[in-house]
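Comments concern the structure below.
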Amino acid sequence: MQGLHLTADLYRCRCDGAWLTDAQRLGDWCVEAVAAAGLQPVDQLFHTFPATAAGAGGVTATVLLAESHVCLHTWPEQRSVTADVYVCNFSADHSAKARQLMDALVNRFQPEWTEQRSLDRGDGQ
-18 MQGLHLTADL YRCRCDGAWL TDAQRLGDWC VEAVAAAGLQ PVDQLFHTFP ATAAGAGGVT
42 ATVLLAESHV CLHTWPEQRS VTADVYVCNF SADHSAKARQ LMDALVNRFQ PEWTEQRSLD
102 RGDGQ
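Using my numbering, read the sequence shown as starting at -18 and increasing by one per residue.
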C-alpha cells in the first residue's frame, strides 16, 4: 500500500468567486485537470452547501481515481480552499502526476499563500 498524499491549504484566493461556490463548474474542471495530469477518473461527487449569514455556501468536489482520489473543500466567506490529492503507487509510481495535479489545483485558485504538505504512505515493502 505505497502511495503519496499531498495536501494544500489555500488562503485569500484571488480567483473568480464562482470557483468557490459553483460545484458543477469546479467539479467539471477537476475532472479535466485529473485527465490532463494523466490520472484516470472513475466517479465523482460535487456538492454546494447552502448559504449562511456569512454568505454563499462552499463546495465539496471529489473525484475518485483509479489511482485513489482528489478532494476540494471551499470556504467562500474566507476565500480559502483545502485540497487533497492521494495516489497509490501499487502498479506504477503516480507521484509526478499527483504533483502536477496539485500544481494545477493551486494555480486555479491563485492564493496569496499556501501551506502544502507531502506524506509518503505505506511501509515501502
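Beta carbons: idealized from backbone N, C-alpha and C, even for Gly.
- In or out: R89 buried (at least 16 other Cβ within 10 Å) or exposed? By the neighbour-count criterion, in which a residue is buried when 16 or more other Cβ atoms sit within 10 angstroms of its Cβ, R89 is buried.
- Looking at the structure shown, is Q4 part of a helix, part of a strand, or coil, going by DSSP? In the sequence as presented, Gln is not what sits at residue 4; that position holds Ala. DSSP places A4 in helix when its eight states are reduced to three.
- Query: With S61 and C(-6) assumed to form a contact (beta carbons below 8 Å), what rounded beta-carbon distance in angstroms separates them?
  - Reply: Between S61 and C(-6) a beta carbon distance of about 7 Å is seen, short of the 8 Å cut, so the two are scored as contacting.
- Which residues bound the alpha helix (DSSP H) around Q59? Where Q59 is concerned, there is no enclosing alpha helix (DSSP H), given that its DSSP letter is neither H nor E.
- Query: Where does R98 fall in DSSP's three states?
  - Reply: DSSP places R98 within a strand segment (E or B) once states are collapsed to three.
- Message: Is it the case that the stretch -4 to 6 contacts the stretch 70 to 87, given that we only count it when at least three CB pairs across the two stretches are under 8 Å?
- Response: The stretch 70 to 87 vs the stretch -4 to 6: no contact.
- Query: Who are V40's beta bridge partners in DSSP?
  - Reply: BP columns for V40 point to T29.
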